[in-house]
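Enquirer: Pasting a structure below so you can have a look.
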Amino acid sequence: MADPGSQSLLRQAAERAESGDFAQAAELAQQILSRNGADAEALFLLGRSLAMLDRNDEAITVLEKTTKVWPDDLEALNLLGHLLFHSERHEEAKATFARCLGLDPNHVEAMRQMANLTLGSDQANALSLFKQAYALAPDHADLLFDYAWAVMYAAGDTDSGATLFRRWFEFTGGTADRGSIALQALNYASNQNPETVARLHREWAAQHADPLGQAANFHEHDFSTDRPLHVGLLSADFCRHPVGRFALTLCHHLDRSRFELFVYANRK
């Protein structure tokens, strides 16, 4: 028979999680587990709350326990797989998503992430998984982006990849970095329409770039001409990439008496 006190705590924890108070939800879930360490609902709620608090290593440990108690729970397996994937524990992530697909062969998220995980080792199967998942969930924006990237950059099918990226732009809510990648990809395709590409650039700039300029206070800017000019370089490609090589050459040849240089890489 269920412990009435634990059930009350579980309801409170679920309510706190629903309201976004994941710290309190985690604390309440831990109180339940102090009474019964195998309470699957409390374990899952704790794992989910820890994940939302970016305490991923702890969340993984808890969710591994959850999936032992609840071996057939797709929600717990899916969350565990995602956390393992983003923690770069790829072999464990593949095993977890394989369990998802064993329970539900049409589990879209498991298909998507399994495709991402195997794209470098089994491209044909990965692209097949993307295609199947996209047929099941054509309105899944993250899936469509991953599929487009795989077709464009992994398979090298620039025209098909560009077509998928153009479909991705039909969704709202895409992040600025993903939009930048998609816009760049359109320039590689032979089936592009210059007017469409220009329109998409303007729309994306209006949403993500223009507000940055509007927020700047140029009234306080030093417009004097007898000082060095500040030059800033920003890229995610300061690595073994043409951008990185060109930037390094530029840095070596700038006249430091005329330019003050700063470089910012928005990646690890």
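The sequence shown begins at 2 in the numbering used here and counts up by one.
C-beta atoms are modelled at their ideal positions from N, C-alpha and C, and glycine is treated no differently.
Predicted, not measured: the structure shown is a model, and the values here were computed from it.
Which of helix, strand or coil does DSSP assign to Leu120?
Expert: Reduced to three states, the DSSP call for Leu120 is coil.
Enquirer: Going by alpha carbons, who is nearest to Leu51 out of Arg36, Leu80, Pro72 and Asp74?
Expert: It is Leu80 whose Cα lies nearest to the Cα of Leu51.
Enquirer: Between the C-alpha atoms of Thr164 and Asp158, what's the straight-line distance to the nearest angstrom?
Expert: Going by the C-alpha atoms only, they are around 10 Å apart.
Enquirer: Ignore the nearest five residues each way along the sequence and tell me which others in Cys101's own chain have a CB closer than 8 Å to its CB.
Expert: Once the five neighbours on either side are set aside, the close Cβ partners of Cys101 are Leu75, Leu78, Asn79, Gly82, His108, Glu110 and Ala111.
Enquirer: Would you decide whether Ala199 is buried or exposed? Buried here means 16 or more other CB atoms lie within 10 Å of its CB.
Expert: Result: exposed.
Enquirer: Could you pull out every residue in the same chain whose Cβ sits closer than 8 Å to the Cβ of Ser258, ignoring the five residues on either side in sequence?
Expert: For Ser258, where only same-chain residues beyond five positions count, the Cβ hits under 8 Å are Pro229.
Enquirer: Mind checking Phe260: buried by the 16 CB within 10 Å criterion, or exposed?
Expert: The residue is exposed, with fewer than 16 neighbouring Cβ atoms inside 10 Å.
Enquirer: At what residue ranges does the segment 87 to 166 contain a whole run of the alpha helix (DSSP H), taking only runs of 4 or more?
Expert: Listed in chain order, the complete alpha helix (DSSP H) runs (minimum 4 residues) inside the segment 87 to 166 are 91 to 104, 109 to 119, 124 to 137 and 142 to 150.
Enquirer: Does DSSP classify Gly38 as helix, strand or coil?
Expert: Coil, per DSSP.
Enquirer: Within the continuous alpha helix (DSSP H) that includes His253, where are the two ends?
Expert: Residues Pro243 to His254.
Enquirer: Pick helix, strand or coil for Gly233, following the three-state DSSP scheme.
Expert: Strand.
Enquirer: Return the CA-CA distance between Ala96 and Phe170, expressed in angstroms with no decimal places.
Expert: One C-alpha to the other measures close to 33 Å.
Enquirer: If Leu249 and Leu255 are in contact, beta carbons under 8 Å, what's the gap, nearest whole angstrom?
Expert: With a Cβ gap of about 11 Å, Leu249 and Leu255 do not count as contacting.
Enquirer: Where does Met2 land, buried or exposed, given buried means 16+ other C-beta within 10 angstroms?
Expert: Note that Met2 has pLDDT 42, beneath the 50 cutoff, so the model's placement of it is unreliable and no number is given.
Enquirer: Three or more C-beta pairs closer than 8 Å, one from the segment 186 to 200 and one from the segment 217 to 236: is that the case here?
Expert: No, because fewer than three Cβ pairs between the segment 186 to 200 and the segment 217 to 236 fall closer than 8 Å, the two stretches do not touch.
Enquirer: Within 10 Å of its beta-carbon, does Lys66 have 16 or more other beta-carbons around it, so buried, or fewer, so exposed?
Expert: Buried: at least 16 other Cβ atoms inside 10 Å.
Enquirer: Does the distance between the C-beta of Glu93 and the nearest non-hydrogen atom of the ligand ATP fall short of 7 Å?
Expert: Of the ligands one can find in the structure shown there are none, so the ligand ATP has no counterpart to examine.
Enquirer: Under 8 Å Cβ to Cβ from Leu85, same chain only, skipping five residues before and after it: list those, please.
Expert: Within the same chain, Leu85 has close Cβ partners Ile61, His91, Glu93, Ala94 and Thr97.
Enquirer: Taking the continuous beta strand (DSSP E) assigned at Leu262, which residues delimit it?
Expert: Note, Leu262: beta strand (DSSP E), Phe260 to Ala266.
Enquirer: Whose C-beta lies closer than 6 Å to the C-beta of Ala266 among residues of the same chain, with five residues either side of it excluded?
Expert: Answer for Ala266: Phe239, listed in chain order.
Enquirer: Output the distance between the C-alpha atoms of Phe224 and Val232, rounded to the nearest integer angstrom.
Expert: For Phe224 and Val232, the distance between alpha carbons rounds to 14 Å.
Enquirer: When you compare only the Cα positions, how much space is there between Gly180 and Ser236?
Expert: Their backbone Cα atoms lie some 15 Å apart in a straight line.
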